[in-house]
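Numbering follows my numbering, with no gaps: position 45 of the sequence shown is 212.
Ideal placement from N, C-alpha and C gives every residue a C-beta, glycine not left out.
First comes the structure, then the notes that go with it.
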Amino acid sequence: MVLPLTYLKSGEEGRVVWIASDLPMRRRLADQGIIPGASLICILKPTRRGMGAYRIHGSVIALRRETVGEIFVEL
168 MVLPLTYLKS GEEGRVVWIA SDLPMRRRLA DQGIIPGASL ICILKPTRRG MGAYRIHGSV
228 IALRRETVGE IFVEL
């Protein structure tokens, strides 16, 4: 099942399938290792208007809720 990254709960893992962001944001995400096929783990689910934390390739990165909603993952 493919869902926006916002649906991942803390501790759950997902594989990036598609990124619906504009090109500059996709490039920025790619620089952080968030590309289709990459696995990531939700460390801290984003709050209603805040940021969430995700582990990818051994690093933890923070992403805004708006950006997280544009990343689609397979559980």
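Excluding its 5 nearest sequence neighbours in each direction, VAL184 has C-beta neighbours in its own chain below 8 Å: VAL169, PRO203, PHE239, VAL240 and GLU241, listed in chain order.
By the CB criterion at 8 Å, THR173 and GLY236 fall inside the cutoff.
Per DSSP, the unbroken alpha helix (DSSP H) holding GLU233 starts and ends at 232-235. Distances from the alpha-carbon of THR214 to those of SER226, ALA187 and LEU230 put LEU230 closest.
When secondary structure is reduced to three states using DSSP, ALA197 falls in the helix class.
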